[in-house]
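> Position 466, counted from 1, in the sequence shown is what our numbering calls 950; the numbers after and before it change by one each time, with no gaps.
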Amino acid sequence: MKLKAIVHFFLLLPIMLLTGQSLKVEPYEFISRSKDTVQAELGSFKVLEDRNNESLDSIQLSFVRFKSTNPNPGSPIVYLSGGPGGSGIGTAKGKRFSLFMNLREVADVIAFDQRGTGMSTRLLECPYTASFELSKAIDKQEYVDKSTENITKCLAFWQEKNVNLGAYNTTENAKDIEALRNVLKVEKISLWGISYGSHLAFEYIRLFEDNIDKVVLASLEGPNETIKLPENTANFIFQIAEKATANYGADITYPNLKEKMLAVHGRLEKSPVISTYVNRQGRIDTVGISNFELQSAIATFYLKNPEDSKIVPRLYDQMYHGNFTEIAPNVMILKKYIYSRIRPMAFSMDMQSGISQDRKRIMKRQIDDAILGSTINFLQFEWMQTTNFRQLPKQFRKMKPNKVDALLLSGTMDGRTYVSSAIELAKKFKNGRHIIIENAGHDLYMQSPLVSETVLAFFKENEIGTNRIKLKPILFE
485 MKLKAIVHFF LLLPIMLLTG QSLKVEPYEF ISRSKDTVQA ELGSFKVLED
535 RNNESLDSIQ LSFVRFKSTN PNPGSPIVYL SGGPGGSGIG TAKGKRFSLF
585 MNLREVADVI AFDQRGTGMS TRLLECPYTA SFELSKAIDK QEYVDKSTEN
635 ITKCLAFWQE KNVNLGAYNT TENAKDIEAL RNVLKVEKIS LWGISYGSHL
685 AFEYIRLFED NIDKVVLASL EGPNETIKLP ENTANFIFQI AEKATANYGA
735 DITYPNLKEK MLAVHGRLEK SPVISTYVNR QGRIDTVGIS NFELQSAIAT
785 FYLKNPEDSK IVPRLYDQMY HGNFTEIAPN VMILKKYIYS RIRPMAFSMD
835 MQSGISQDRK RIMKRQIDDA ILGSTINFLQ FEWMQTTNFR QLPKQFRKMK
885 PNKVDALLLS GTMDGRTYVS SAIELAKKFK NGRHIIIENA GHDLYMQSPL
935 VSETVLAFFK ENEIGTNRIK LKPILFE
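1. Got a sec, what are the start and stop residues for the beta strand (DSSP E) G895 sits in?
2. For H918, write down the residues that DSSP places opposite it in a beta bridge.
3. Using only the alpha-carbon positions, how far apart do Y823 and S631 sit?
4. Below 8 Å between beta carbons: does that hold for S703 and D898?
5. For Q931, does the count of other Cβ atoms within 10 angstroms reach 16, so buried, or fall short, so exposed?
6. I think T710 touches I860, with their Cβ atoms under 8 Å apart; what is that distance to the nearest whole Å?
7. Rounded to whole angstroms, what's the CA-CA distance from V757 to L713? Just pull it up for me.
8. Would the beta-carbon of Y738 fall within 8 Å of that of E705?
9. Classify D592: buried if its beta carbon has 16 or more other beta carbons within 10 angstroms, exposed otherwise.
10. What is the rounded straight-line gap between the Cα of L545 and the Cα of L526?
11. Using the DSSP secondary-structure output, state which residues sit across from T521 in a beta bridge.
12. Quick check: what's the CA-CA separation for R448 versus Q836?
13. Classify A471 as helix, strand or coil using the three-state DSSP reduction.
14. Suppose the cutoff is 6 Å on Cβ atoms and the five residues either side in sequence are ignored; what does the same chain contact list for A718 look like?
15. Between the alpha carbons of F942 and L893, how many angstroms are there, rounded?
16. Roughly how many whole angstroms lie between the Cα atoms of I585 and T770?
17. What are the residues that DSSP puts in a beta bridge with G677?
18. For the alpha helix (DSSP H) that contains I907, what are its first and last residues?
19. What is the rounded straight-line gap between the Cα of M803 and the Cα of K794?
20. Closer than 7 Å by C-beta to F722: which residues in its own chain qualify, once you throw out the five before and the five after it? Chain order, please.
21. I want to know whether the segment 667–676 touches the segment 687–702 - three or more CB-CB distances under 8 Å.
22. Just reading off the alpha helix (DSSP H) that G772 is part of, what are its end residues?
23. For L909, which of N886, Y929, A830 and G925 has the nearest alpha-carbon?
24. For G806, does the three-state DSSP call read helix, strand or coil?
25. Thinking just about the alpha-carbon of each residue, which of I635, R690 and G650 is nearest to the one in I661?
26. Find the nearest neighbour of S615 within the set H683, E633 and V700, judged by alpha-carbon distance.
27. For V762, count the other beta carbons within 10 Å of its own beta carbon; 16 or more makes it buried, fewer makes it exposed. Which is it?
28. Nearest to K624 by CA position, among E866, I543, A906 and Q850, is which residue?
29. Could you spell out where the beta strand (DSSP E) holding K954 opens and where it closes?
30. Straight-line CA distance for L752 to S832?
31. Please specify which runs of the alpha helix (DSSP H), each continuous and at least 4 residues long, are wholly inside the segment 614–670, giving them in chain order.
32. Skipping 5 residues on each side, what residues in its chain have a beta carbon closer than 6 Å to that of K954?
33. Please list the terminal residues of the continuous alpha helix (DSSP H) segment that includes T435.
34. Check the DSSP bridge columns for Q544 and list the partner residues they point to.
35. Pick out whichever of D520, S905 and Q523 has its Cα sitting closest to the Cα of F720.
36. For R952, which residues from the same chain have a beta carbon less than 8 Å from its beta carbon, with the 5 sequence-adjacent residues on both sides left out?
Take a look at the structure:
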């Protein structure tokens, strides 16, 4: 028996050495995109790429740590970027830099690059792309067929190159966060995230609730909400039409906009258009626009934040009168870049998060009747039917009640993740507070000092006296 124990120990030793590898930390001069400079630390450690098999292949995970200015710092605050595919380190260089700096008053703040992103080990990009005729209006089925064919080629390429795409899922991602906590040698961590970062945080809560101090999450994407429901998107764009009727009392108003929206899509369904526009080089480009392509352009470029949706009424008014010039460049981008290729980390994360059978049935009922179809999801829902890419187990998509001390934030002008869904998710947090921010969009953290001040107050355990914040609306143009 003793001999068997010794043998077992030595069989496990390589894995123990790898997963317990000491943290490497070095001084790092962090420079934001606005050229702000702060002294920080660049950390890295290794984890098994796939914890579900006996392979010893490992990947490096990287982060930047901003040391706390508090002489008695709390649990480290780990930032979880959206996407999937966003870089935490990259995010810290952008508009949220000041919030990263302010949170140092509470604890060390860690900008974490999830597996496959940023300064962590990256996946090999697929060399193949799908090709769509630019001057022809293309229907949905052609996009599904050609993109699925391209995915099949990419999957074969990654298999040939021994890329373990299946290891890039949200459960493994959550276990990476736990590995980070272990190498930092701290009892608990706090999480701060947005969009897919909230989706990832929900999985960490499911697996490691007892290891969490506090959580701040915005623009919530639940465990079963990788695929957004078409009716929610339709309700959002009709909300824009309703608000544009009076346009907050401005001189420019858009009465009957809902009817114009429906009319534009109805016409395109019967008769696609060809539009020209002047490109950035000053030359004339020609692009075909089908109803599916218009749906995709609106969902992709104009619903995320009020800064985007402020021109939606004008666009539909123009298109109602036959002018597609302003939206044509974004349709061109869709054809050339967005539908033509896939990014491995983002593709695998989303596909494996998957969709429940009940939600799939709802999708199939709603998809053909909703004004924008399912284009808020690009073609992910269709790919889940055509590629048979593996999904995480059913329990992954079930949100159980928890006791995490949480602050949850939602914007009423967020056209990517919806307040109605967030209200249901918030009910699972017994010790959570859900604040609805009127007139805020998806990227809500820096849309008002009131939001960042609320986040800081929560981490400082100061009293937050409201469940609703009202921002000044952005007028429709």
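Even for Gly, the Cβ is constructed at its ideal location relative to N, Cα and C.
Quick answer:
1. D889 to G895
2. The partner list for H918 (beta bridge, DSSP) reads L892.
3. 7 Å
4. yes
5. By the neighbour-count rule (16 or more Cβ atoms within 10 Å), Q931 is buried.
6. Not really, about 11 Å apart at Cβ, beyond 8 Å.
7. 28 Å
8. no
9. buried
10. The alpha-carbon separation between L545 and L526 amounts to approximately 11 Å.
11. I515
12. The question about residue 448 has no answer here: the residues shown for the chain are numbered 485 through 961.
13. Because the chain in this structure spans residues 485 to 961, residue 471 falls outside the shown range and cannot be described.
14. For A718, where only same-chain residues beyond five positions count, the Cβ hits under 6 Å are A854 and I855.
15. 12 Å
16. Sequence inspection shows Met at residue 585; the Ile mentioned does not correspond to that position. Separation of M585 and T770 (C-alpha to C-alpha, rounded to the nearest whole angstrom) is 46 Å.
17. L564 and L701
18. V903 to A910
19. 16 Å
20. K742
21. Short answer: they touch.
22. That residue, G772, is in no alpha helix (DSSP H); its beta strand (DSSP E) goes I768 to I773.
23. N886
24. Correct three-state label for G806: coil.
25. R690
26. E633
27. exposed
28. Of the candidates E866, I543, A906 and Q850, the one whose C-alpha sits nearest the C-alpha of K624 is E866.
29. R952 to K954
30. 33 Å
31. 624–644 and 654–668
32. E922
33. The requested residue 435 does not occur in the structure, where the chain is confined to residues 485 to 961.
34. K530
35. S905
36. I919, I920, I921 and E922
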